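Please read the structure below before turning to the comments.
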Amino acid sequence: MLRLRTSVMFVLAVVLSLGVALPVGAQGGDEPDYSGAWYSADDGIALWVEDGDAAVYVIGGGVCSLLESFDIAGSDVLYDGDVVYTLALKNGTLSVFENGALELELAYVENLDEVCAEVLDPDALLLALPLDEITSFDDLDLVATTLLAETGIPGMAMAVVTPDGVAWSAGYGFANIEDGIPVTADTPFQLASVSKTMTGTSLMVAVESGALSLDDNINDLLPFAVDNPNVEGEVILVRHLVTHTSSVVDNWPVYDSMYGPGDPTIPLGDFLDGYLVPGGEWYDGAVNYADWMPGEVSDYSNVGAALAGYLVEATTGVPLNEYARATIFEPLGMTNTGWFLAEFDDTSLIAMPYDEDNEAYGYYGFVTWPDGLLRSSANDMGRFLAMVMNGGELDGVRILEQATVDQMLSPQLPDVTGEFGVFWTLGEAGPGTIGHSGGDPGVSTFVYFQPEWGVGVVLLFNSDG
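Under the numbering used here, the first residue of the sequence shown carries the number 121, and numbering increases by one thereafter.
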């Protein structure tokens, strides 16, 4: 799982022409201490561990880009509260295990800045991708074909984007293995958390219309009251929701139980009322809320994103899926995009999500759909990304004013976190990059652009990892 994502992020890094330097640290202590910098030249992966946090970086081609962030508790590596890897330290070698199987071995390094500055032979990567010279779309096509062959993933779609639109796009492999349906650049893929960019953009359309403000108290907008029982006198602003600083957090047993076949059956507002308000079916104040004041800590929250999406309905009277279709999808000609299966004329053309053994999950949904259930194609997301890159306008159709786009893509709470605009992540794929990645069962997605270079990339996979 980690190694496929590593190769994908390296493709992004090469295409976007990125570079970044990392801090360095020291190792010590009598007990196993994973703090500091670790590096595997064979896999092109670096790990930085400090104060219970771990950051994984992909390194190569003069590039050092953030791949993923984790929490560490003892020897367990946690993602969204679940143990995904375990660590073991012996004779100066850090071993990373996934489900008991050895995944990586890394050596301690004194100075990760020097490691990040190295230009590695692409053959040193686990997947032998032809990344040394990407000078044409034919070269990029070869990279995509090789990636598919080396990993055995069912299908993928890719688009390269400029402010003028989609410069190149293609599909590879199968949207549905069993039915032999190929992927094209128009195949809808489930987007997972990349959906948050659409939720954020739709919210900003509503902001620009005057329906709400980022500095509004959400309790002035909602039909139910949101009150964190763990703190006193808190005020949750819309701005807190879009930066994951609201103190509304994910109760994972509840959240995971909301996944099911087909479209969600519980109305979004009913779930949020039942999750956030005392006496609700899914309410647990000690778990559903954090113990800090809004705006103090950034803690990634899918339920918070769903609440932001619901604010569109609460303030405009139009559900988010319909609002996005009327104000973004239809004006941009995004004909293969929708939040629900019921919105597609032929669901058989939607990319089927598969596990690592290429077993189909089936089409599924979840009640917090604004946080990750959007389905769209590489071409459609390319047009959406081009609009954003072009300051809110594409092909003479204006979705947002330039000033609104600038606000959306700027740090909203720079004193707390510089990582988020209005749900758009800042610097996640390297310095200066803007976008989002996504992951769900059978879904891996990446949408980023580099404003300095005027280029964006859409990568969609119907596979885990």
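Built from N, CA and C at the ideal position, the CB exists for glycine as well. Note that the coordinates shown come from a computational prediction; the quantities given were computed from them, not determined experimentally.
Query                                                                                                              : Result
Unbroken alpha helix (DSSP H) run spanning residue 420, endpoints                                                  : No alpha helix (DSSP H) contains residue 420, which DSSP labels as neither H nor E.
Contact set for residue 541: own chain, Cβ-Cβ below 7 Å, skip 5 residues either direction                          : 528, 529, 530, 531 and 532
Assigned exposure category for residue 354 - 16 Cβ within 10 Å defines buried                                      : buried
Range covered by the beta strand (DSSP E) that runs through residue 556                                            : 554-560
Beta-carbon gap between residue 160 and residue 225 smaller than 8 Å                                               : yes
Residue closest to residue 485, alpha-carbon to alpha-carbon, out of 494, 579, 477 and 479                         : 494
Option in 478, 459, 410 and 257 with minimal Cα separation from residue 561                                        : 478
Residue 442: first and last residue of the uninterrupted alpha helix (DSSP H) it sits in                           : 440-444
Buried versus exposed, by CB contacts within 10 Å (16 or more), residue 553                                        : buried
Outcome for residue 359 when other beta-carbon atoms lying within 10 angstroms are tallied against a minimum of 16 : buried
Cβ distance (whole Å) where residue 582 is taken to contact residue 472 below 8 Å                                  : 6 Å
Counted within 10 angstroms of its Cβ, other Cβ atoms place residue 372 as buried (16 or more) or exposed          : exposed
Three-state secondary structure assigned by DSSP to residue 380                                                    : strand
Simplified DSSP assignment, three categories, for residue 410                                                      : coil
Close Cβ partners of residue 198 (< 8 Å) along its chain, the five nearest in sequence each way excluded           : 190, 191, 192 and 204
With 16 other Cβ atoms within 10 Å as the buried cut-off, status of residue 474                                    : buried
Alpha carbon of residue 145 to alpha carbon of residue 211, nearest angstrom                                       : A caution first: residue 145 carries a pLDDT of 29, below 50, which makes its placement in the model too unreliable to give a value.
Residue 149 - DSSP class collapsed to helix/strand/coil                                                            : Because residue 149 carries a pLDDT of 40, less than 50, the predicted location of this residue cannot be relied on, and the following value inherits that uncertainty. Residue 149: coil per DSSP, three-state reduction.
For residue 162, the nearest candidate out of 170, 178, 154 and 153 (CA to CA)                                     : 178
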